[in-house]
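Following my numbering, the numbering of the sequence shown begins with 18 at its first residue and continues without gaps. By construction, the Cβ of each residue, glycine as well, lies at the ideal position given by its N, Cα and C atoms. Owing to the predicted nature of the structure, the values given are computational and were not obtained by experimental measurement. First up is the structure itself, then whatever we jot down about it.
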Amino acid sequence: MCLSVPMKVEEIKDTRARCTAMGEERWVDLMFMADQPPKIGEYVIVHLKFAQRIVCEEEALKSYALFDEILDVLDKSS
Numbered sequence: 018m019c020l021s022v023p024m025k026v027e028e029i030k031d032t033r034a035r036c037t038a039m040g041e042e043r044w045v046d047l048m049f050m051a052d053q054p055p056k057i058g059e060y061v062i063v064h065l066k067f068a069q070r071i072v073c074e075e076e077a078l079k080s081y082a083l084f085d086e087i088l089d090v091l092d093k094s095s
């Protein structure tokens with residue numbers, strides 16, 4: 018199963034962006050966002066190392082909270 022994850026854009030080089038989320042860092046491809054590229058500090062939805070769209074910080078933080086809840090449940094069940 019693959020999940021799309023909101024990530025914060027920290028650096029942009031050509032058609033790639035260094036993004037962070039929940040302590041993880043990834044270089045993601047911006048080719049699907051050529052018409053509306055993100056700016057440093059914005060959040061993007063990332064799926065399979067490709068940025069898909071810009072999301073607001075509030076939406077990103079809500080997603081992180083849900084991921085934390087899921088991880089807590091999984092930790093308790095193992």
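Taking the alpha carbon of PRO54 as the point to measure from, which residue in VAL72, MET39, LEU83 and LYS93 has its own alpha carbon closest? Of VAL72, MET39, LEU83 and LYS93, the residue nearest in Cα terms is VAL72.
Tell me which residues share the same chain as ARG70 and place their Cβ nearer than 6 Å to its Cβ, disregarding the 5 neighbours each side in the sequence. ILE62
Would PHE49 pass as a contact of PHE67 if the rule is Cβ separation under 7 Å? yes
Endpoints, the alpha helix (DSSP H) within which GLU86 is located: Counted as a single uninterrupted DSSP element, the alpha helix (DSSP H) harbouring GLU86 occupies residues 74–94.
Bridge-paired residues (DSSP) for PHE67: ASP46 and HIS64
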